[in-house]
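To start, the structure itself, in structure tokens.
Protein chains in written order, with my numbering: chain A, 1 to 68; chain B, 1 to 516.
Written as structure tokens, this is what we have:
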């Protein structure tokens, strides 16, 4: 293990990175037809939407690291 | 297929332009191409934009464009796992892989196995990682050529010659192979990066046109989804004694996510970027590809709605390529010939980028972790570049012979196995970015994971990678790569703890600061 340096304090901003994983693992939340969007069942548009949301979840951590 | 002169002309024209560009790549931001890091990593100087094109072209391959919709076409919702898999991948890419970039930059590592050798002071473990990478990648290259074969057949380019030992061989495929080898040999990763840009433009044009034009012709998305068997439209539900398809779906995407950046071509794409910030920025902008992939996946459903499978015009295609012919058939049915030409060129050129990167990555691995570590330890940098070029060529030749001489279904089965195998390098590479186990323990875990994973796939006749585990009276359908990885990790942890207690930690050439 990295023993020659004290570990940096954990930053809560990284918790955002867990959101996409939680959203995906919770299958019952999206394994459904309704509500539809432009005739597309929820299952499909919800998971596609999460691609964008995942990118947004990275943004706080990115800005945080960028500022430091 | 009947040949359409308009489609064929457009296809060939685009192909020729791209070839010229690939060969020109040697002069673009020219470096000394007799150095391995120059030829095989593009000199580590690609910025955010080029890395975006390169990684995108690399991760979303021609075979992906054919196979993901084909899976939806045949299996429905379960095939959609390729989309959440991308969602999981970007946070991981953001958090873990800048560390790999930094440590590789600091120590001049060209491959993941280089990192393993430095981190664990073990050529043996590095060899295991390198060999796993090479054997997992080779069938993947074969499938890129297979993707080309599908669109060439769809175009009706049926010019074949008879070669002794192979029977009839498609001339267009041979030509494409010659082009691919020539530009990869002369300009390495640079030529590939240039082609990746063109390929993506064509892919985006095709996808946009497809998701606008085709549903309109079919009467809207509601009609498209109404044509799908309702049983396939969602994942099946689990029961108290069976975790069900939902669990299998999640295990597939998690297992694939962990394994993705273990693939040598993905590592090559990462390490060729000019800084760790490029990697981070790409974690945020790469999702644009996944959106395109989600649309491409839905093409499988559009193919169902368009009824291409029962159309006698495409019967020959489906007979030769199975469901993998669904998307080409859909394009032929829905697009005017000139646009089919563009769409097929997008797929064929899309095969060149990953095929070339995979071959370059195999060349890097062989040179660094087999040739230099075991055969000729004191080889010069120009020797390295020469050997890598040669191996990259031989890898592609091997893939070509495989596609021509062996049944393609073997390539598909081997690629499935490759996914299981490459996942077994996660503890030695991904985990090693944070935690350092013992090399012998990791080797033991790797051997167990490889064996169990292969066995699970074997009991499934290599047709599926979802193996049903039974524990406490509950059936757990899980991606074999992931369940083998769990076992692999357990073995590695226990063995490492035991060995370290007796012998102490071996040397580590990296220090904590190298990763920041």
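Don't be surprised by glycine CBs; every beta carbon is placed ideally from N, CA and C. Since we're looking at a predicted model, the values are computed, not measured.
Query: Spell out the partners DSSP gives residue 142 of chain B in its beta bridges.; Result: DSSP lists no partner for residue 142 of chain B.
Query: Listing by chain order, which chain A residues have their CB less than 7 Å from the CB of residue 250 of chain B?; Result: 24, 25, 27
Query: Whose Cβ in chain B lies nearer than 7 Å to the Cβ of residue 15 of chain A?; Result: Near residue 15 of chain A there are no residues of chain B at all, since even the closest Cβ is about 11 Å away, more than 7 Å.
Query: Can you find at least 3 beta carbon pairs, one from the segment 466 to 485 of chain B and one from the segment 56 to 71 of chain B, that sit closer than 8 Å?; Result: no
Query: Name the chain B residues whose beta carbon is nearer than 9 Å to that of residue 20 of chain A?; Result: 84, 87, 88, 90, 91
Query: Residues of the segment 220 to 246 of chain B in Cβ contact with chain A at a cutoff of 7 Å, in chain order, please.; Result: 220, 221, 222, 225, 233, 234, 235, 246
Query: I'd like to know whether the C-beta of residue 481 of chain B is nearer than 8 Å to at least one C-beta of chain A.; Result: no
Query: Are residue 110 of chain B and residue 515 of chain B closer than 8 Å when you measure CB to CB?; Result: no
Query: Quick check: is the beta carbon of residue 63 of chain A nearer than 8 Å to any beta carbon in chain B?; Result: no
Query: What does residue 170 of chain B pair with, by DSSP beta-bridge criteria?; Result: B:160
Query: Under 8 Å between beta-carbons, which chain A residues line up against residue 94 of chain B? List them in chain order, please.; Result: 17, 58, 61, 62
Query: Can you grab the Cα-Cα spacing for the pair residue 67 of chain A / residue 61 of chain A, in whole Å?; Result: 10 Å
Query: Measuring only the C-alpha atoms, how far is residue 225 of chain B from residue 305 of chain B?; Result: 8 Å
Query: Quick one: what does DSSP say residue 499 of chain B is sitting in, helix, strand or coil?; Result: helix
Query: Give, in chain order, every unbroken run of the alpha helix (DSSP H) that is at least 4 residues long and sits entirely within the segment 52 to 135 of chain B.; Result: 62 to 75, 82 to 107, 112 to 120
Query: Rounding to the nearest angstrom, what Cα-Cα distance links residue 587 of chain B and residue 134 of chain B in this structure?; Result: Here chain B has residues from 1 to 516 only, and residue 587 of chain B is not among them.
Query: Classify residue 38 of chain A as helix, strand or coil using the three-state DSSP reduction.; Result: coil
Query: Listed from N- to C-terminal order along the chain, which residues in the segment 259 to 291 of chain B have their beta-carbon within a distance smaller than 7 Å of any beta-carbon of chain A?; Result: 280, 283, 284, 287, 290, 291
Query: Quick check on DSSP: helix, strand or coil for residue 469 of chain B?; Result: strand
Query: Return the chain-ordered list of same chain residues with a C-beta closer than 8 Å to the C-beta of residue 1 of chain A, the five sequence neighbours on each side being excluded.; Result: Interpretation of residue 1 of chain A is limited by its pLDDT of 44, a score under 50 that renders its predicted location unreliable; the figure taken from the coordinates is listed afterwards. Contacts found: none.
Query: Quick check on residue 314 of chain B: does DSSP put it in helix, strand or coil?; Result: helix
Query: By the criterion of Cβ-Cβ separation under 8 Å, what are the contact partners of residue 294 of chain B in chain A?; Result: 44, 47, 48, 51
Query: Can you tell me whether residue 4 of chain A is buried or exposed, with buried defined as 16 or more other CB within 10 angstroms of its CB?; Result: The pLDDT assigned to residue 4 of chain A is 48, lower than 50, so where the model puts this residue is not dependable; a value taken from the coordinates is nonetheless given after this. Answer is exposed; the Cβ neighbour count stays below 16.
Query: For a contact defined as C-beta to C-beta under 7 Å, what are the partners of residue 10 of chain A on chain B?; Result: Under the 7 Å cutoff, chain B gives no residues; its nearest Cβ is about 13 Å from residue 10 of chain A.
Query: If you run the structure through DSSP and keep just helix, strand and coil, what is residue 57 of chain A?; Result: helix
Query: Tell me whether residue 152 of chain B is buried or exposed, calling it buried when 16 or more other Cβ atoms sit within 10 Å of its Cβ.; Result: buried
Query: Please determine, among B:374, B:352, B:319, B:201, the residue with the shortest C-alpha to C-alpha distance to residue 399 of chain B.; Result: B:352
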